[in-house]
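In what follows, a structure is listed as structure tokens, so that the remarks can point back to it.
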Amino acid sequence: DAVELGRFRHYMQKEIFEQPDALANTLELVGAAKSVQPGLFGAEAETVLRDIDSVLILACGTSYHSGLAARYWLEEVAGVPCTVEIASEYRYRTSVPNPRQLVVAISQSGETADTLAALKHAKGLGQPHTLALCNVPESAIVRECALRFITRAGPEIGVASTKAFTTQLAALYLLTLAVAKLKGRLSAEDEAREIDALRHLPAAVSAVLEQEPAIQAWAEHFADKRHALFLGRGIHYPIALEGALKLKEISYIHAEAYPAGELKHGPLALVDREMPVIAVAPNDALLEKLKSNLQEVRARGGELYVFADAKVDLGTGDADGVHLIQLPEHYGKLSPVLHVVPLQLLAYHAALVKGTDVDKPRNLAKSVTVE
Ligand code: G6P
Numbered sequence: 245d246a247v248e249l250g251r252f253r254h255y256m257q258k259e260i261f262e263q264p265d266a267l268a269n270t271l272e273l274v275g276a277a278k279s280v281q282p283g284l285f286g287a288e289a290e291t292v293l294r295d296i297d298s299v300l301i302l303a304c305g306t307s308y309h310s311g312l313a314a315r316y317w318l319e320e321v322a323g324v325p326c327t328v329e330i331a332s333e334y335r336y337r338t339s340v341p342n343p344r345q346l347v348v349a350i351s352q353s354g355e356t357a358d359t360l361a362a363l364k365h366a367k368g369l370g371q372p373h374t375l376a377l378c379n380v381p382e383s384a385i386v387r388e389c390a391l392r393f394i395t396r397a398g399p400e401i402g403v404a405s406t407k408a409f410t411t412q413l414a415a416l417y418l419l420t421l422a423v424a425k426l427k428g429r430l431s432a433e434d435e436a437r438e439i440d441a442l443r444h445l446p447a448a449v450s451a452v453l454e455q456e457p458a459i460q461a462w463a464e465h466f467a468d469k470r471h472a473l474f475l476g477r478g479i480h481y482p483i484a485l486e487g488a489l490k491l492k493e494i495s496y497i498h499a500e501a502y503p504a505g506e507l508k509h510g511p512l513a514l515v516d517r518e519m520p521v522i523a524v525a526p527n528d529a530l531l532e533k534l535k536s537n538l539q540e541v542r543a544r545g546g547e548l549y550v551f552a553d554a555k556v557d558l559g560t561g562d563a564d565g566v567h568l569i570q571l572p573e574h575y576g577k578l579s580p581v582l583h584v585v586p587l588q589l590l591a592y593h594a595a596l597v598k599g600t601d602v603d604k605p606r607n608l609a610k611s612v613t614v615e
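When we follow the UniProt record's numbering, the leftmost residue of the sequence shown carries the number 245, and every step to the right adds one.
Structure (structure tokens):
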């Protein structure tokens, strides 16, 4: 292990730091082109993606969160309705099949029993268009699908998924661009710009990783906390969900995520000095709304930990009760890929302070191959 881990203490930390390479390797599939070839998703992809009228994403755990984020892209950029379902729920509910829908199964391992069963259930209902988005080629889920995209994150050992998640997001963005293009919603100029933004991801993630010391310092404040609340809005709500999942999985601190506009419908009752509130606050259309949600937290004595981007002026500075880490850039549509990275680091360092078994958290498995 010592040789494999190199300068890192745990696989999770190593895998967090491998994200620039994992993304670069995954994006290599695009080649030098300024456009996305639908063939990246399989020989029949061009015909299938041109004809689909909606997308149904099936997944579990962290993979479910990448699906939730992709919904925002698919609807906004490609103009295609998208639903995202937890695989273990979908397989047991009566749903209305749609033969023109693309079913996307997202799975790091490609072996998760619930996701595989949900996929088979969809096919059994008469949904012929299936796409596997996996990190393991020739896994069961890949074999079950007509179309496929294999992320190149490399083997992920830590139970808490990190590099698989960000590479899934990159793949889902490529899918969004491919569908948008085939639906006539993406000009060549916009496409080239989006590809450039994707190519910038590895460097952008590297710059975010340099903020580890500041995040580590924050983590010290979390060790004696029993609960934490993560807030995000829009596409950053799934990122808040992922941040909460990471924290609970490996540090055993109970963490919940809410879209910040829902605060007033319940979680505000829990806010006090003992519950840190972590906010994902990039400069997007919802920033002003989010700021007023954060005021509500401050007014109740809640301690705020805010991850903003370079274009955000919170108006509070690093004031009493408001801790701020500003990411180096503003990332536009790819912002979720960057904002999840500090949340991964926060969970990792909180777990280190607590002394838990980071790579093998109690009661959890890397791949759940039974129901
Ligand atoms: C387990 C793992 C998670 C993972 C989930 C789905 O719960 O601990 O990290 O997100 O399974 O796994 P998959 O391989 O389908 O992405």
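Glycine residues also receive a C-beta, built at the ideal position from the N, C-alpha and C atoms.
Check whether the Cβ of residue i lies closer than 7 Å to any heavy atom of the ligand G6P, and answer yes or no.
| i | result |
| --- | --- |
| residue 403 | yes |
| residue 604 | no |
| residue 359 | yes |
| residue 353 | yes |
| residue 311 | no |
| residue 414 | no |
| residue 356 | yes |
| residue 524 | no |
| residue 608 | yes |
| residue 389 | no |
| residue 398 | no |
| residue 306 | yes |
| residue 612 | yes |
Where does residue i land, buried or exposed, given buried means 16+ other C-beta within 10 angstroms?
| i | result |
| --- | --- |
| residue 306 | buried |
| residue 553 | buried |
| residue 336 | exposed |
| residue 539 | exposed |
| residue 416 | buried |
| residue 291 | exposed |
| residue 478 | buried |
| residue 509 | exposed |
| residue 396 | buried |
| residue 402 | buried |
| residue 609 | exposed |
| residue 258 | buried |
| residue 328 | buried |
| residue 270 | buried |
| residue 533 | exposed |
| residue 520 | buried |
| residue 537 | buried |
| residue 584 | buried |
| residue 433 | exposed |
Do you know offhand how far residue i's Cα is from residue j's?
| i | j | result |
| --- | --- | --- |
| residue 431 | residue 425 | 8 Å |
| residue 376 | residue 551 | 32 Å |
| residue 543 | residue 535 | 12 Å |
| residue 616 | residue 308 | Any question about residue 616 goes unanswered here, given that the chain covers just 245 to 615. |
| residue 364 | residue 355 | 13 Å |
| residue 600 | residue 459 | 18 Å |
| residue 486 | residue 590 | 12 Å |
| residue 330 | residue 385 | 15 Å |
| residue 566 | residue 368 | 52 Å |
| residue 594 | residue 357 | 31 Å |
| residue 556 | residue 525 | 8 Å |
| residue 414 | residue 273 | 11 Å |
| residue 480 | residue 298 | 22 Å |
| residue 317 | residue 577 | 8 Å |
| residue 361 | residue 501 | 28 Å |
| residue 301 | residue 374 | 10 Å |
| residue 276 | residue 450 | 21 Å |
| residue 530 | residue 248 | 42 Å |
| residue 409 | residue 587 | 12 Å |
| residue 549 | residue 350 | 31 Å |
| residue 496 | residue 464 | 15 Å |
| residue 381 | residue 558 | 44 Å |
| residue 467 | residue 517 | 14 Å |
| residue 339 | residue 359 | 16 Å |
| residue 427 | residue 294 | 6 Å |
| residue 462 | residue 366 | 44 Å |
| residue 281 | residue 311 | 21 Å |
My understanding is that residue i touches residue j, with C-beta atoms under 8 Å, so please give their C-beta distance in whole angstroms.
| i | j | result |
| --- | --- | --- |
| residue 348 | residue 371 | With a Cβ gap of about 11 Å, residue 348 and residue 371 do not count as contacting. |
| residue 313 | residue 482 | 4 Å |
| residue 400 | residue 455 | Going by Cβ atoms, the distance from residue 400 to residue 455 rounds to 22 Å, so no, they are not a contact pair. |
| residue 541 | residue 515 | 6 Å |
| residue 341 | residue 494 | That belief does not hold up - the Cβ atoms of residue 341 and residue 494 are roughly 38 Å apart, past 8 Å. |
| residue 256 | residue 603 | 6 Å |
| residue 267 | residue 445 | 5 Å |
Strictly under 8 Å for the Cβ-Cβ distance: is residue i near chain C by that measure?
| i | result |
| --- | --- |
| residue 310 | Structure shown: chain C not included; a single protein chain is present. |
If we count Cβ pairs, one from each stretch, closer than 8 Å, do we get three or more for the segment 488 to 495 versus the segment 430 to 446? no
Counting beta carbon pairs with one atom in the segment 407 to 421 and one in the segment 318 to 327, are three or more of them shorter than 8 Å? yes
Touch test, the segment 278 to 296 against the segment 379 to 394, Cβ-Cβ under 8 Å, three pairs minimum: yes
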